[in-house]
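Novice: First to last, the sequence lines map onto chains A and B.
When we follow the numbering used here, the leftmost residue of the first sequence carries the number 198, and every step to the right adds one.
When we follow the numbering used here, the leftmost residue of the second sequence carries the number 33, and every step to the right adds one.
Input: one structure, supplied below.
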Amino acid sequence: MSIAQDFSRGIMRENPVFKQALGMCPFLAVTTSVENALGMGAAATFVLVFSNFLVSLFRKVIPSKVRIPSYIVIIATFVTLVDLLMNAYLPALHSSLGIFIPLIVVNCIILGRAEGFANKNKVLPSIADGIGMGLGFTLAMVIMATFREILGNGSWLGFNLLGESYQNQPMLIAILAPGAFILMAFILGFFNIMEKRKRGGAR
Amino acid sequence: MINSMLMSVIIAAPDGGEPSFSIAKMMAIIVSAIFINNYVLSRFLGICPFLGVSKQLDSAVGMGAAVVFVMVLATLGSWLVYHHVLVPYGMEYLRTISFIIIIASLVQLVEMILQKFSPALYDALGIFLPLITTNCAILGVAVLNIDDKLSLGYSLVNSVAAGIGFTLALVLMAGLRERMETADVPEALRGLPLAFLIAGAMSIAFLGFAGLGG
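Pasting the structure below:
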């Protein structure tokens, strides 16, 4: 496995959200706008890269019996850092992401990569894997947020796309809670069809 | 004497204001946590167990019971540590780290105590307990109690109601999914996508409670 492969794997082939159904809570909750999705993606990527880095660095030092608690403390440290940095420099984003910043600690993607990749691999591949998975998570959230923001608010990243008449009467359900579940069902259904096509083509 | 001391701890306002307690506020917290802001269907907390453990009714009930149990204990532990250890020493920034450690060790402790003293209950809840550490609803309830500046009494009420709301959503979902097993759904939507569609429909139904809060 080359570093380039470690990096690219998380983006599409093993996308943490679409292919592994991990990290659902923040994915469904913060994708009401593209801006929130980018903010959450950046925060999670930061935590993922640094936790992978430290876990991989200390993989021979941490006894395997206490490895999960150690990983959780490492992750929680970086989440606290992100929390404080965001509160200081991006207060508006911090308040709109709200409780989901501390909840990055229990995001299964991060613990999953620490346990499944970083504790078996060298430092550089682990960092590449962290960046790739983080980008994959961000990409998934931006795709979802694109649908939800355009349908629910008529805009993309704050730019008005569909005009004022749409914004006065948008498809509000897309940015409410049910919209997230239903859109996710269709996106996963789409991936199922693609998967089936691919398998059918290979046969 | 001990009773009144305990009472004053439970209703004391966390920011040093007047102690207060009203049935109306308690009811508002309960209705809000179970229906209006259901932790799963409108706050998106605890989605992983909601999708993972909702295939059978029995295991959904077991998971729900385990979550209520740990939620109350976690709220008690995290509230006391935050307001009586972290705040007095000015270490609020350690909130996330200390809460996750409290929850992880509580889960471990509960598992060991149950295994020793109540094997029957351990058999029923045992397999769900390790999963709970990474259930974001638990950490979510602990953090939200602090963010909303609730007193200890209200926090405990909120955590019980949140757990009941989680169980309600999980049990409803399990019942629906058991029925859908035999249904003829398009191939592309089978499995996880169908679960999301059901959750969406339930979430629409729960939106109807939004008027209750006033």
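Beta carbons are placed, not taken as given, at the ideal position from N, Cα and C, and that holds for glycine.
In this text the structure is predicted, and so the values were computed from the model without any measurement.
Using 8 Å as the threshold, is the C-beta distance between Gly-96 (chain B) and Thr-199 (chain B) below it?
Specialist: A contact, by the Cβ cut-off of 8 Å.
Novice: Can you look up Asn-212 (chain A) in the DSSP assignment and give me helix, strand or coil?
Specialist: Three-state result, Asn-212 (chain A): coil.
Novice: Taking three-plus beta-carbon pairs below 8 Å as touching, is the segment 107-125 of chain B in contact with the segment 174-189 of chain B?
Specialist: Result yes; three or more Cβ-Cβ pairs closer than 8 Å.
Novice: Hey, is Ala-65 (chain B)'s beta-carbon within less than 8 Å of any beta-carbon in chain A?
Specialist: Cβ-Cβ to chain A under 8 Å: no for Ala-65 (chain B).
Novice: Strictly by DSSP, which residues pair up with Phe-356 (chain A)?
Specialist: Paired residue(s): A:Trp-353.
Novice: Using a beta-carbon distance below 8 Å, is Ser-183 (chain B) in contact with chain A?
Specialist: No, no contact with chain A.
Novice: Go through its chain and collect everything with a Cβ distance to Ile-62 (chain B)'s Cβ below 7 Å, but skip five positions before and after it.
Specialist: Around Ile-62 (chain B): Val-189 and Ala-193.
Novice: Tell me, please, whether the CB atom of Tyr-154 (chain B) is closer than 8 Å to any CB atom in chain A?
Specialist: Chain A, which has no Cβ nearer than 8 Å to the Cβ of Tyr-154 (chain B), makes this no.
Novice: What is the rounded straight-line gap between the Cα of Cys-305 (chain A) and the Cα of Ile-68 (chain B)?
Specialist: Cα to Cα, Cys-305 (chain A) sits roughly 27 Å from Ile-68 (chain B).
Novice: What in chain A is Cβ-close to Pro-225 (chain B), meaning under 7 Å?
Specialist: Those are Ala-382, Leu-385, Gly-386 and Asn-389, listed as they occur along chain A.
Novice: By the 9 Å beta-carbon criterion, what residues does the segment 257-278 of chain A contribute toward chain B?
Specialist: Those residues of the segment 257-278 of chain A that come within reach of chain B (Cβ to Cβ, closer than 9 Å) are Ile-265, Pro-266, Ile-269, Val-270, Ile-272, Ala-273, Thr-274, Val-276 and Thr-277.
Novice: Residues of chain A with a CB under 9 Å from the CB of Thr-20 (chain B): which are they?
Specialist: For chain B, the structure presents residues 33 to 246; residue 20 (chain B) sits outside this window and is missing.
Novice: May I have a chain-ordered list of the beta strand (DSSP E) segments no shorter than 3 residues that lie completely inside the segment 85-151 of chain B?
Specialist: DSSP runs (the beta strand (DSSP E)) wholly in the segment 85-151 of chain B: none.
Novice: By the 10 Å Cβ neighbour count, where 16 or more other Cβ atoms means buried, how is Asn-212 (chain A) classified, buried or exposed?
Specialist: Its Cβ being crowded by 16 or more others within 10 Å, Asn-212 (chain A) is buried.
Novice: Tell me whether Ile-298 (chain A) sits in a helix, a strand or coil according to DSSP, three-state version.
Specialist: Of the three classes helix, strand and coil, the one that applies to Ile-298 (chain A) here is coil, per DSSP.
Novice: For Met-221 (chain A), count neighbouring Cβ atoms within 10 angstroms of its own Cβ and tell me buried if that reaches 16, exposed if not.
Specialist: That one is buried.
Novice: Does the segment 123-139 of chain B come close enough to the segment 217-233 of chain B that 3 or more CB-CB pairs lie under 8 Å?
Specialist: No: fewer than three Cβ pairs fall under 8 Å.
Novice: Report the three-state DSSP secondary structure of Gly-386 (chain A) (helix, strand or coil).
Specialist: Three-state DSSP puts Gly-386 (chain A) in a helix.
Novice: For Ser-323 (chain A), which residues of its own chain have a beta-carbon under 6 Å away from its beta-carbon, when the five flanking residues on both sides are left out?
Specialist: Answer for Ser-323 (chain A): Asn-249, Ser-253 and Ala-315, listed in chain order.
Novice: Using a Cβ cut-off of 7 Å, pull out every chain A residue sitting near Ile-129 (chain B), in sequence order please.
Specialist: Those are Val-270, Ala-273, Thr-274 and Thr-277, listed as they occur along chain A.
Novice: Let me confirm a value: Val-258 (chain A) is counted as buried when at least 16 other C-beta atoms fall within 10 Å, else exposed. Which label applies?
Specialist: Val-258 (chain A) is exposed by the Cβ-count criterion.
Novice: For my contact list, Leu-161 (chain B) and Ala-98 (chain B) are in at a C-beta cut-off of 8 Å; report their separation, rounded to the angstrom.
Specialist: That belief holds up - the Cβ atoms of Leu-161 (chain B) and Ala-98 (chain B) are roughly 6 Å apart, short of 8 Å.
Novice: Which residues, in order along the segment 163-187 of chain B, keep a beta-carbon less than 9 Å from a beta-carbon of chain A?
Specialist: Within the segment 163-187 of chain B, the qualifying residues are Thr-165, Thr-166, Asn-167, Cys-168, Ala-169, Ile-170, Leu-171, Gly-172, Val-175, Leu-176 and Asp-179.
Novice: I'd like to know if the segment 231-244 of chain A and the segment 274-294 of chain A are in contact, where contact means that at least 3 CB-CB pairs between them fall below 8 Å.
Specialist: With the cut-off at 8 Å, the segment 231-244 of chain A and the segment 274-294 of chain A touch.
Novice: Scan the segment 282-303 of chain A for residues whose Cβ lies nearer than 7 Å to a Cβ of chain B and list them as they occur along the chain.
Specialist: Here the close residues are Ile-296, Pro-299, Leu-300, Val-302 and Val-303.
Novice: Is any beta-carbon of chain B found at less than 8 Å from that of Arg-396 (chain A)?
Specialist: So, not an interface residue.
Novice: Any Cβ of chain A within less than 8 Å of the Cβ of Ala-220 (chain B)?
Specialist: It does; some Cβ of chain A falls within 8 Å.
Novice: Could you list the residues in the segment 206-237 of chain A with a C-beta less than 7 Å from some C-beta on chain B, going in chain order?
Specialist: Flagged, chain order: Ala-218, Met-221, Cys-222, Leu-225 and Ala-226.
Novice: For Tyr-328 (chain B) and chain A, any beta-carbon pair shorter than 8 Å?
Specialist: The first residue shown for chain B is 33 and the last is 246, placing residue 328 (chain B) beyond what the model contains.
Novice: Quick one, are the C-beta atoms of Phe-224 (chain A) and Ala-325 (chain A) less than 8 Å apart?
Specialist: Result no, Cβ atoms of Phe-224 (chain A) and Ala-325 (chain A) do not sit closer than 8 Å.
Novice: Could you check how far apart the C-beta atoms of Ile-271 (chain A) and Leu-251 (chain A) are, in whole angstroms? I think they sit under 8 Å.
Specialist: About 5 Å; that satisfies the 8 Å criterion.
Novice: At 9 Å on the CB atoms, spell out the chain B contacts of Ile-404 (chain A), in chain order.
Specialist: This structure leaves residue 404 (chain A) out entirely; chain A is present only between 198 and 400.
Novice: Give, in chain order, every residue of the segment 356-375 of chain A whose Cβ lies closer than 8 Å to some Cβ of chain B.
Specialist: Listed by position, the residues of the segment 356-375 of chain A near chain B (Cβ gap below 8 Å) are Ile-370, Leu-373, Ala-374 and Pro-375.
Novice: Name the chain B residues that come within less than 7 Å of Leu-183 (chain A), Cβ to Cβ?
Specialist: Only positions 198 to 400 of chain A appear in this structure, which leaves residue 183 (chain A) out of reach.
Novice: Interface residues of chain A around Leu-73 (chain B) at Cβ under 7 Å?
Specialist: The contacting residues are Ala-374.
Novice: Rounded to whole angstroms, what is the Cα-Cα separation between Lys-262 (chain A) and Tyr-268 (chain A)?
Specialist: Distance between the alpha carbons of Lys-262 (chain A) and Tyr-268 (chain A): 12 Å.
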